[in-house]
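J.: Numbering (our numbering), first residue to last: 32 to 340.
All C-beta atoms in this analysis are idealised placements derived from N, C-alpha and C, irrespective of residue type, glycine included.
Structure in structure tokens, see below.
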Ligand code: G3H
Ligand code: 13P
Ligand code: ZN
């Protein structure tokens, strides 16, 4: 099976009340850990590449490794650009085999967001590629862009119908209180499910995307800290909230920080216990296994997309 778009995945996920995991990939071990987990759980998969990942690993390397994942797993896999910020970047991904792109023009005023998104949609759809866009602003850090808490803005449900009909976009990322990174909430975690509900009422059957959805499990943070890390106060989205979102209109849940924690904890632990090791396979192997275990847990216990491939 070749790389697929998200069209079919999202339709089934919406109707079935579950969500597809969209995992950020930056190197071979992360890709392999995710794909091994999805293969064992028969789960459809979105592998997403940020512009930072393209710079770090080279987009051709990443694309070829994702193609290898498709070939070896036989799973329905979508290759997605995460947070594309310009038409040129989205076009480059469309031209180079991605099956889905996100144009994130959410930092622009509403009309400009519409204009930029529509331009990407026209080009992508002409090439059989689907498009995710964003309305509202998440707080947190992505690549070099840091959105301060005071500049974050919830999605306004009054804008979503106009945005979707004027852009022709295939899915919409909304801001309901999640944020990027491992430090999401200072106090009690709270998500605006009322906004999600209202957006779903205005856009019946339309797939919604949740960014900033790592749950930052305490055991992963503890492991990093136990072996010399310093992440006091790291806190993510509780899993029951993610399960609730997945049962509603949210069809794609983005996870990156939890994989970073898994990799870092495994490598820190490995060196603490084996200070004389210097073969990268000795510590990247456990890191790959840690990614796999996190992704299996997400697929089965949070997203509910096991056995949906
Ligand atoms: O939303 C951001 C993702 O976690 C990607 O992060 O831009 O540092 O690769 P990155
Ligand atoms: P986390 O930082 O919560 O993993 O979010 C990742 C994300 O939204 C990627 O687009
Ligand atoms: Zn994101």
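1. For the ligand ZN, I want to know if residue 301 counts as a neighbour, meaning its beta carbon is within less than 7 angstroms of at least one of the ligand's heavy atoms.
2. Please determine whether the Cβ atom of residue 55 lies at a distance below 7 angstroms from any heavy atom of the ligand 13P.
3. If you compare alpha carbons, which of 142, 304 and 60 is closest to residue 195?
4. Consider the C-beta atom of residue 289 and the heavy atoms of the ligand ZN; say whether any pair is separated by less than 7 angstroms.
5. Going along the chain, which unbroken runs of the beta strand (DSSP E) with 3 or more residues stay wholly within the stretch 256–292?
6. For the pair the stretch 252–267 and the stretch 306–315, tell me if three or more CB-CB distances fall below 8 angstroms.
7. Is residue 333 helix, strand or coil by DSSP?
8. Under the assumption that residue 239 contacts residue 286 (Cβ atoms under 8 angstroms), give the Cβ distance between them as a whole number of angstroms.
9. Check the C-beta distance from residue 270 over to residue 246 and give it rounded, since I have them as a contact under 8 angstroms.
10. Does the Cβ of residue 242 lie closer than 7 angstroms to at least one heavy atom of the ligand ZN?
11. Within its chain, find whatever has a CB closer than 8 angstroms to the CB of residue 115; leave out the 5 residues flanking it on each side and keep chain order.
12. How many Å lie between residue 96 and residue 241 at the Cα?
13. Between the beta-carbon of residue 266 and the beta-carbon of residue 185, is there less than 8 angstroms?
14. Comparing C-alpha positions only, which one of 50, 34, 47 and 92 sits nearest to residue 106?
15. Which same chain residues, not among the five before or five after residue 128, have their C-beta less than 6 angstroms away from its C-beta?
16. Suppose you measure from the CA of residue 57 to the CA of residue 165; what does that come to, to the nearest Å?
17. For residue 168, which three-state DSSP category applies?
18. Quick test of the definition: if touching needs 3 or more C-beta pairs under 8 angstroms, does the stretch 41–60 touch the stretch 270–284?
19. Using a 10 Å radius around the Cβ and a threshold of 16 neighbouring Cβ atoms, would you call residue 189 buried or exposed?
20. Sorry if obvious, but does the Cβ on residue 111 come closer than 7 angstroms to a heavy atom of the ligand G3H?
21. Out of 224, 69 and 201, which one is the CA nearest neighbour of residue 320?
22. If the criterion is Cβ atoms closer than 8 angstroms, does the pair residue 209 and residue 268 meet it?
23. Just checking residue 285 against the ligand SAM - is the residue's beta carbon closer than 7 angstroms to any of the ligand's heavy atoms?
24. Tell me which residues share the same chain as residue 155 and place their Cβ nearer than 8 angstroms to its Cβ, disregarding the 5 neighbours each side in the sequence.
25. Can you tell me which of the three DSSP states residue 163 falls into?
26. So residue 297 and residue 50 are supposed to be a Cβ contact under 8 angstroms. How far apart are they, rounded?
27. Using only the heavy atoms of the ligand G3H, determine whether one of them is closer than 7 angstroms to the beta carbon of residue 81.
28. Hey, residue 77 and residue 36 are a contact pair by Cβ (cut 8 angstroms); roughly how many whole angstroms apart?
T.: Taking the definition as stated:
1. Here residue 301 corresponds to residue number 270 of the chain shown, with the count starting at 1. No - the ligand ZN has no heavy atom lying nearer than 7 angstroms to the Cβ of residue 301.
2. In the chain shown, counting from the first residue as 1, residue 55 sits at position 24. Yes, since a heavy atom of the ligand 13P falls inside the 7 angstroms radius drawn around the Cβ of residue 55.
3. As a position in the chain shown, residue 195 is number 164, starting the count at 1. For the residues 142, 304 and 60, the minimum Cα distance to residue 195 belongs to 142.
4. Here residue 289 is taken as the residue at index 258 of the chain shown, counted from 1. Outside the cutoff, so no.
5. 281–286
6. no
7. Walking along the chain shown from the start, residue 333 turns up at place 302. Here residue 333 sits in helix by DSSP.
8. Translated into the one-based positions of the chain shown, residue 239 becomes position 208. Translated into the one-based positions of the chain shown, residue 286 becomes position 255. So it is not a contact: roughly 16 angstroms between Cβ atoms.
9. In the chain shown, the residue the question calls residue 270 occupies position 239. In the chain shown, the residue the question calls residue 246 occupies position 215. Indeed they touch by this definition, with Cβ atoms about 5 angstroms apart.
10. Position 211 of the chain shown, counted from the start, is the residue given in the question as residue 242. Residue 242: yes, Cβ under 7 angstroms from the ligand ZN.
11. Within the chain shown, the letter at position 84 stands for residue 115. Around residue 115: 82, 121, 124, 132, 133, 134, 135 and 151.
12. Against the chain shown, residue 96 aligns to sequence position 65. Against the chain shown, residue 241 aligns to sequence position 210. Roughly 26 angstroms between the two C-alpha positions.
13. For the purposes of this step, residue 266 is taken as the residue at position 235 of the chain shown. For the purposes of this step, residue 185 is taken as the residue at position 154 of the chain shown. No, the pair does not count as a contact, with Cβ atoms beyond the cut-off.
14. Working through the chain shown from its first residue, we reach residue 106 at position 75. Selected option, being the one with the closest Cα: 34.
15. Here residue 128 refers to the residue found at position 97 when the chain shown is read from its first residue. Counting only Cβ-Cβ distances below 6 angstroms, and skipping sequence neighbours, we find 94.
16. In the chain shown, counting from the first residue as 1, residue 57 sits at position 26. In the chain shown, counting from the first residue as 1, residue 165 sits at position 134. When rounded, the distance between both Cα atoms is 23 angstroms.
17. Working through the chain shown from its first residue, we reach residue 168 at position 137. In the structure shown, residue 168 sits in a strand (DSSP, three-state: E or B).
18. yes
19. For the purposes of this step, residue 189 is taken as the residue at position 158 of the chain shown. When all chains shown are included, residue 189 counts as exposed.
20. Residue mapping note: residue 111 aligns to position 80 of the chain shown, counting from 1. Checking the Cβ of residue 111 against the ligand G3H gives no.
21. The count along the chain shown starts at 1 and reaches residue 320 at position 289. Residue 320 has its Cα closest to that of 69, out of 224, 69 and 201.
22. Your numbering for residue 209 matches position 178 in the chain shown. Your numbering for residue 268 matches position 237 in the chain shown. Their beta carbons are under 8 angstroms apart, which means residue 209 touches residue 268 by this criterion.
23. For the structure depicted, the ligand SAM is absent and the ligand set comprises only the ligand G3H, the ligand 13P and the ligand ZN.
24. Along the chain shown, read from residue 1 onward, the residue named residue 155 stands at position 124. The answer, listed in chain order, is 121, 125, 132, 161 and 162.
25. Numbered from its first residue, the chain shown carries residue 163 at position 132. Three-state result, residue 163: strand.
26. Here residue 297 is taken as the residue at index 266 of the chain shown, counted from 1. Here residue 50 is taken as the residue at index 19 of the chain shown, counted from 1. About 26 angstroms separates the beta carbons of residue 297 and residue 50, which is beyond the 8 angstroms limit, so they are not a contact pair.
27. Locating residue 81 in the chain shown gives position 50, counting from the first residue. Yes, the Cβ of residue 81 comes within 7 angstroms of a heavy atom of the ligand G3H.
28. For the purposes of this step, residue 77 is taken as the residue at position 46 of the chain shown. For the purposes of this step, residue 36 is taken as the residue at position 5 of the chain shown. Rounded, the Cβ-Cβ distance is 10 angstroms, inconsistent with contact.
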